[in-house]
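Below is one structure, written out as structure tokens; the observations come after it.
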Amino acid sequence: MNLNLYLIAATCEGMGIGVKGALPWKLKNEMAFFASMTTNTKNPDKKNVVLMGRRTWECIPKKHRPLQKRINIILTSQTLDYGDDAIVCKSIPHALEIIQKPPLKDQVERIWVIGGSSVYKAAMESPNFHRLYLTRIKKHFDCDTFFPPISNNFVLTQDPNIPQGVQEENDIQFVYEVYERK
């Protein structure tokens, strides 16, 4: 089983990712890209994991929780029970340990890290880090939550599955970038 971590995020100028528990922008195509990337699998019998912090989980509107057709794992130091909606883990290594055991062992195709800041930072520092899929929105928005600094040992790479060049929606331009470690 592959334990690579794939990160996916959208940032505005200044690396903002959120404000008051919500996305500062409304970009349906970018949200559809997120849903497609984190949901689609090559093997129809498997699902992807979406790994997130508790605050990220709480910021997802209730009608969209859990994220459908994906295995939701929440990282928190609190003792919480989300029933069948999500699995609670204490850390990324704890989540990887759970994913390697039955019943998840044979169900998971890819592990997507979807936020927030501290979870992104831990994932980028993890030996399991594989790729960062970053949407760079070419506009400034007021934010109170930010993506952590991207290490100098990360380099841009190509992925034929993502749109190339400048995208535009609602008069907002953005580009998709993919990073790997050198």
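Take 1 as the starting number for the sequence shown in the UniProt record's numbering and just add one per residue.
C-beta: ideal position from N, C-alpha, C; glycine also.
Flag this pair as yes or no: are the beta carbons of Glu109 and Asn48 separated by less than 8 Å? yes
Can you tell which of Met15, Glu30, Leu51 has the C-alpha that lies nearest to the C-alpha of Ile172? Glu30
Check the DSSP bridge columns for Met52 and list the partner residues they point to. Ile74, Gly115
Could you tell me which residues DSSP pairs with Cys89 in its beta bridges? Leu75
Chain-order list of residues whose beta-carbon lies under 6 Å from that of Pro66 (same chain, five-residue window excluded): Asn72, Asp85, Ala86
Check whether the segment 91-109 and the segment 13-29 touch, using three or more Cβ-Cβ pairs below 8 Å as the test. no
Just to confirm my understanding: we take Val155, look at its own chain, exclude 5 residues before and 5 after, and list those with CB closer than 8 Å. What are they? Tyr179, Glu180, Arg181, Lys182
For Gly16, count neighbouring C-beta atoms within 10 Å of its own C-beta (all shown protein chains included) and say buried if the count is 16 or more, exposed if not. buried
Just list the residues that DSSP pairs Phe174 with in beta bridges. Ile137, Gln167
Within this structure, are the beta carbons of Asn170 and Leu3 separated by less than 8 Å? no
Spatial neighbours of Asp159 in its chain, beta-carbon cut-off 7 Å, leaving aside the 5 residues before and after: Val178
My output table needs one value for Lys121: the three-state DSSP class, helix, strand or coil. helix
Are the CB atoms of Phe174 and Gln164 within a distance shorter than 8 Å? no
Assuming Leu51 and Val119 make a contact with CB atoms under 8 Å, what is their CB distance in whole Å? 7 Å
Run through DSSP, which three-state label would Phe147 get? coil
Residue from Arg54, Thr41, Ile60, Gln78 with nearest C-alpha to Arg70: Thr41
Smallest Cα separation from Ser77: which of Cys59, Arg54, Glu97, Lys62? Arg54
Alpha carbon to alpha carbon, how far is Leu134 from Ala95? 23 Å
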